[in-house]
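A.B. asks: The structure under discussion is supplied below as structure tokens; questions concerning it will follow.
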């Protein structure tokens with residue numbers, strides 16, 4: 318059996334290639350030095366463990382002795398896990414797109430020995446890949462100067478600043494509700510109003526779009542926004558993209574109906590969607606959304622949590638080499654397992670004898686709510702739910718006997734922070750103690766396993782943390798800690814968020830562009846130092862940081878933070894107004910700038926109970942601080958705040974101007990609403 322250097326790595330994706338006949342290197346100085354010493358071009362092949370076509374290309378090409386021989390003879394071959402090295406992935410993805418090629422994974426890029434790209438693409442069948450490499454090898458021998466010149470041009474393009482690429486100009490802009498309405502209208506033009514999401518396929522959940530729309534609705538009461546949120550969240554919860562039996566979300570659906578998923582389950586989707594459904598419940602009180610939150614958290618606790626409280630990265634789409642095999646059912650299987658209950662169960666989930674998917678298999682999905690179907694069966698909703706839970710339990714037992722999908726068991730700091738944030742959101746809305754226990758355990762894991770002094774590590778596996786943290790790690794951990802403070806009023810988390818923010822402003826900030834680089838100034842220097850601006854399935858690290866600085870500045874009364882946040886948003890404002898679909902987390906910050914953020918301070922014996930009562934209502938444009946008594950806190954917002962007459966007291970403030978203290982949550986909301994109405998919200 319072949320064994321290459323990837324056997325020493327901790328990334329499950331790299332280790333999957335450890336016995337390829339290809340002489341793989343991990344990204345690093347050894348491979349780059351070898352390429353220069355031997356004057357060989359470099360193949361950088363980038364993917365991730367849950368990537369279906371990455372597995373296909375491995376089977377077809379990288380396990381093929383003849384193809385491997387071509388690769389080894391003419392190239393230095395580097396394997397990269399895009400989740401471990403998003404910095405490397407971002408550079409070469411940009412390069413391929415600059416070549417006029419649609420990006421995706423697997424990403425295969427050919428570089429000069431100096432790591433400068435001159436050719437690339439995504440998936441290649443084995444014969445095409447082998448022929449291409451022979452042609453490139455011959456061209457490198459005979460036309461090297463032309464390839465080097467081409468690589469230089471692509472590298473120069475990669476080195477362009479964001480200001481040069483997108484025309485970012487700093488300006489002291491004002492933020493108006495009219496501009497926000499215009500921005501929403503642009504976003505709304507792409508809605509699929511019948512099936513939810515945006516009007517295209519495949520469909521990704523894109524949580525930050527709906528977080529923005531929730532905030533837009535809270536500000537404007539525009540029913541179009543609320544209707545689109547509800548139809549989208551309903552259809553996702555009903556569709557095959559949601560695991561109807563075991564909970565949790567797949568990465569995307571290949572169709573417009575949310576029916577047929579690409580079955581991989583990613584931590585980052587599930588963390589964000591837990592938070593999104595919890596927020597949506599606080600607004601709508603729809604029990605469907607509560608059910609989704611609880612079931613998905615159960616899935617994460619059961620299948621994606623390690624013994625130390627960290628969260629695994631992903632579950633593969635494939636098991637036994639077949640996509641979705643773990644999750645789908647034949648009608649005959651269900652008949653055998655469920656007996657007399659199979660008839661109504663198959664009706665509810667649209668199971669057919671011939672299968673509603675491929676090869677006689679069925680993906681479970683529904684189109685009716687539990688209460689509607691219970692009425693159809695002429696039984697109460699409670700009775701129907703008990704029957705449904707029993708059927709699910711039976712299928713979970715049967716599924717446990719199947720060969721499981723591959724597990725990517727590395728722990729990523731940034732993705733853990735997304736799940737931590739989702740758990741805290743769920744706790745703040747539902748008050749479920751288990752959610753907070755799970756969240757605090759993860760936060761302590763991040764503090765003890767993924768801190769490196771003032772810094773963060775990016776990845777952790779088998780007791781070992783490695784790779785310097787990226788901006789996404791710092792930004793998302795700060796966000797989660799700000800949320801955790803406001804859920805618990807334990808100032809430790811606010812202090813930690815402040816420490817990390819100080820590190821980020823020292824080591825990532827570009828004073829000229831007034832934005833943050835993705836990589837640490839003390840980290841590895843690559844051919845370009847990139848910035849992440851656009852919100853995608855995961856919000857851009859710069860937009861997260863801009864939101865963090867805004868709220869951190871308010872919570873700590875540090876105007877330098879809020880001013881820096883303002884400069885960042887000012888830089889990208891014109892982009893937000895023209896291309897909001899990929900800047901919706903920036904647009905969330907826009908909503909906080911249109912109307913002042915309310916500061917709510919709670920002091921007294923019942924300060925935690927008051928916090929819970931406040932959080933039961935949807936109102937995102939606020940910060941909360943709280944303490945048993947003023948002397949126990951050093952926060953400026955709690956200075957001179959006393960419990961009046963021995964009663965727990967709430968202070969409502971806007972722009973450093975406070976209302977009279979009140980002793981009930983209802984009175985506090987009256988003040989918030991009265992001021993909001995006066996401000997035209």
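In this note's numbering, the protein residues as written are 318 to 998. Heads up, the beta-carbon is just placed ideally off N, CA and C, and yes, glycines get one too. Remember, predicted model here, so these are calculated numbers, not experimental data.
Give the DSSP-derived three-state secondary structure of residue 425 in the structure shown.
C.D. replies: The sequence position of residue 425 within the chain shown is 108, counting from 1. Residue state, collapsed to three classes: strand.
A.B. asks: Of all the beta strand (DSSP E) runs that stay within the bounds of the segment 364 to 428, which reach a length of 3 or more residues?
C.D. replies: Taking only runs of at least 3 residues, the beta strand (DSSP E) segments lying wholly in the segment 364 to 428 are 393 to 398 and 424 to 428.
A.B. asks: When the Cα atoms are used, what is the spatial distance from residue 707 to residue 629?
C.D. replies: The residue labelled residue 707 in the question sits at position 390 within the chain shown. The residue labelled residue 629 in the question sits at position 312 within the chain shown. The straight-line gap from Cα to Cα measures roughly 28 angstroms.
A.B. asks: What residue range is occupied by the uninterrupted beta strand (DSSP E) comprising residue 341?
C.D. replies: Counting from 1 along the chain shown, the entry for residue 341 is found at position 24. Note, residue 341: beta strand (DSSP E), 341 to 343.
A.B. asks: With distances taken Cα to Cα, identify the nearest neighbour of residue 929 among 988, 801 and 497.
C.D. replies: Stepping through the chain shown from its first residue, residue 929 is reached at position 612. Among 988, 801 and 497, the Cα nearest to that of residue 929 belongs to 801.
A.B. asks: Identify, in the order they occur along the chain, each residue of the same chain with its Cβ nearer than 8 angstroms to the Cβ of residue 566, setting aside the five sequence neighbours on each side.
C.D. replies: Against the chain shown, residue 566 aligns to sequence position 249. Result list for residue 566: 522, 553, 558, 559, 560, 582, 586, 587, 590 and 613, in chain order.
A.B. asks: Give the secondary structure of residue 833 by DSSP, where H, G and I count as helix, E and B as strand, and everything else as coil.
C.D. replies: What you label residue 833 is simply residue 516 of the chain shown in a count that begins at 1. Strand, per DSSP.
A.B. asks: Counting along the chain, where does the beta strand (DSSP E) carrying residue 783 start and finish?
C.D. replies: As a working note, residue 783 is residue 466 in the chain shown. 781 to 785 is the span of the beta strand (DSSP E), which, as asked, contains residue 783.
A.B. asks: Going straight from the alpha carbon of residue 353 to that of residue 669, what length do you get?
C.D. replies: If you number the chain shown from 1, residue 353 lands on position 36. If you number the chain shown from 1, residue 669 lands on position 352. Cα to Cα, the separation comes out at about 60 angstroms.
A.B. asks: Quick one: what does DSSP say residue 980 is sitting in, helix, strand or coil?
C.D. replies: If you number the chain shown from 1, residue 980 lands on position 663. Residue 980: coil per DSSP, three-state reduction.
A.B. asks: Locate the alpha helix (DSSP H) running through residue 876, then write down its first and last residues.
C.D. replies: Within the chain shown, the letter at position 559 stands for residue 876. Counting along the chain, the alpha helix (DSSP H) containing residue 876 begins and ends at 876 to 895.
A.B. asks: Nearest to residue 875 by CA position, among 935, 452, 811 and 898, is which residue?
C.D. replies: In the chain shown, the residue the question calls residue 875 occupies position 558. Nearest of 935, 452, 811 and 898 to residue 875, Cα basis: 811.
A.B. asks: Comparing C-alpha positions only, which one of 745, 751 and 823 sits nearest to residue 804?
C.D. replies: The residue you call residue 804 lines up with position 487 of the chain shown. Closest option to residue 804, Cα to Cα, is 745.
A.B. asks: Would you mind working out which of 889, 356 and 712 sits nearest residue 485, comparing C-alpha positions?
C.D. replies: For the purposes of this step, residue 485 is taken as the residue at position 168 of the chain shown. Checking every option, the nearest Cα to that of residue 485 belongs to 889.
A.B. asks: Is it buried or exposed for residue 699, if we count other Cβ within 10 angstroms and need 16 for buried?
C.D. replies: The residue given as residue 699 occupies position 382 in the chain shown. When all chains shown are included, residue 699 counts as exposed.
A.B. asks: Kindly indicate which three-state DSSP category residue 614 falls into: helix, strand or coil?
C.D. replies: Residue mapping note: residue 614 aligns to position 297 of the chain shown, counting from 1. Note: residue 614 maps to helix in three-state DSSP.
A.B. asks: Do you know offhand how far residue 518's Cα is from residue 579's?
C.D. replies: If you number the chain shown from 1, residue 518 lands on position 201. If you number the chain shown from 1, residue 579 lands on position 262. Those two C-alpha atoms are separated by around 12 angstroms.
A.B. asks: Put residue 767 into one of helix, strand or coil per three-state DSSP.
C.D. replies: Taking the first residue of the chain shown as position 1, residue 767 is located at position 450. Here residue 767 sits in coil by DSSP.
A.B. asks: Taking the Cβ atom as the reference point for each residue, do residue 904 and residue 576 lie within a distance shorter than 7 angstroms?
C.D. replies: Here residue 904 corresponds to residue number 587 of the chain shown, with the count starting at 1. Here residue 576 corresponds to residue number 259 of the chain shown, with the count starting at 1. Result no, Cβ atoms of residue 904 and residue 576 do not sit closer than 7 angstroms.
A.B. asks: In or out: residue 769 buried (at least 16 other Cβ within 10 Å) or exposed?
C.D. replies: What you label residue 769 is simply residue 452 of the chain shown in a count that begins at 1. Under this definition residue 769 is an exposed residue.
A.B. asks: Between 966, 992 and 950, which has its C-alpha nearest residue 915's C-alpha?
C.D. replies: One-based indexing of the chain shown puts residue 915 at position 598. The shortest Cα separation from residue 915 among 966, 992 and 950 belongs to 992.
A.B. asks: Helix, strand or coil for residue 666, going by three-state DSSP, please let me know.
C.D. replies: Position 349 of the chain shown, counted from the first residue, corresponds to residue 666. Reduced to three states, the DSSP call for residue 666 is coil.
A.B. asks: I need the straight-line Cα distance from residue 602 to residue 855, nearest angstrom please.
C.D. replies: Position 285 of the chain shown, counted from the start, is the residue given in the question as residue 602. Position 538 of the chain shown, counted from the start, is the residue given in the question as residue 855. Approximately 26 angstroms between the Cα atoms of the pair.
A.B. asks: Taking the CB atoms as reference points, tell me whether residue 492 and residue 911 lie closer together than 7 angstroms.
C.D. replies: The residue labelled residue 492 in the question sits at position 175 within the chain shown. The residue labelled residue 911 in the question sits at position 594 within the chain shown. Cβ atoms of residue 492 and residue 911: closer than 7 angstroms.
A.B. asks: Just to confirm the assignment: which complete alpha helix (DSSP H) runs, minimum length 4, are found wholly within the segment 783 to 827?
C.D. replies: Fully enclosed alpha helix (DSSP H) runs of 4 or longer: 788 to 805 and 808 to 824.
A.B. asks: If we ignore side chains and look at the alpha-carbon of each, how far apart do residue 817 and residue 322 end up?
C.D. replies: By one-based count along the chain shown, residue 817 stands at place 500. By one-based count along the chain shown, residue 322 stands at place 5. Computed Cα separation, rounded: 34 angstroms.
A.B. asks: Note down, in chain order, each residue of its chain lying with its Cβ closer than 6 angstroms to the Cβ of residue 722, except the 5 sequence neighbours on either side.
C.D. replies: If you number the chain shown from 1, residue 722 lands on position 405. Excluding residues within five positions, the ones whose Cβ falls inside 6 angstroms are 632, 633, 636 and 643.
A.B. asks: For the segment 492 to 502 against the segment 860 to 869, do three or more pairs of beta-carbon atoms, one drawn from each stretch, fall closer than 8 angstroms, so that the two count as touching?
C.D. replies: No, because fewer than three Cβ pairs between the segment 492 to 502 and the segment 860 to 869 fall closer than 8 angstroms, the two stretches do not touch.
A.B. asks: With H, G and I counted as helix, E and B as strand and the rest as coil, what does DSSP make of residue 735?
C.D. replies: Locating residue 735 in the chain shown gives position 418, where the first residue counts as 1. In the structure shown, residue 735 sits in a helix (DSSP, three-state: H, G or I).
A.B. asks: Among all the DSSP beta bridges, which residues are the ones paired with residue 920?
C.D. replies: What you label residue 920 is simply residue 603 of the chain shown in a count that begins at 1. DSSP lists 944 and 966 as partners of residue 920.
A.B. asks: Going by beta-carbon coordinates alone, are residue 656 and residue 759 separated by less than 7 angstroms?
C.D. replies: The residue you call residue 656 lines up with position 339 of the chain shown. The residue you call residue 759 lines up with position 442 of the chain shown. No; because the gap between Cβ atoms is not below 7 angstroms, this pair is not in contact.
A.B. asks: Tell me the residue span of the alpha helix (DSSP H) that contains residue 524.
C.D. replies: On the chain shown, position 207 is the one that residue 524 refers to. Note, residue 524: alpha helix (DSSP H), 524 to 537.
A.B. asks: Where residue 736 and residue 728 are concerned, what is the direct C-alpha to C-alpha distance, given to the nearest angstrom?
C.D. replies: Position 419 of the chain shown, counted from the first residue, corresponds to residue 736. Position 411 of the chain shown, counted from the first residue, corresponds to residue 728. Cα-Cα distance, rounded: 12 angstroms.
A.B. asks: Quick one: give me the first and last residue of the beta strand (DSSP E) that residue 559 is part of.
C.D. replies: Along the chain shown, read from residue 1 onward, the residue named residue 559 stands at position 242. Residue 559 -> no beta strand (DSSP E), and no H or E assigned at all.
A.B. asks: When the distance is taken between beta carbons, is residue 363 closer than 7 angstroms to residue 399?
C.D. replies: Taking the first residue of the chain shown as position 1, residue 399 is located at position 82. Taking the first residue of the chain shown as position 1, residue 363 is located at position 46. Yes, the pair counts as a contact, with Cβ atoms nearer than the cut-off.
A.B. asks: Verify whether the separation of the beta carbon atoms of residue 389 and residue 340 is less than 7 angstroms.
C.D. replies: Your numbering for residue 389 matches position 72 in the chain shown. Your numbering for residue 340 matches position 23 in the chain shown. Taking 7 angstroms as the Cβ cut-off, residue 389 and residue 340 qualify as a contacting pair.
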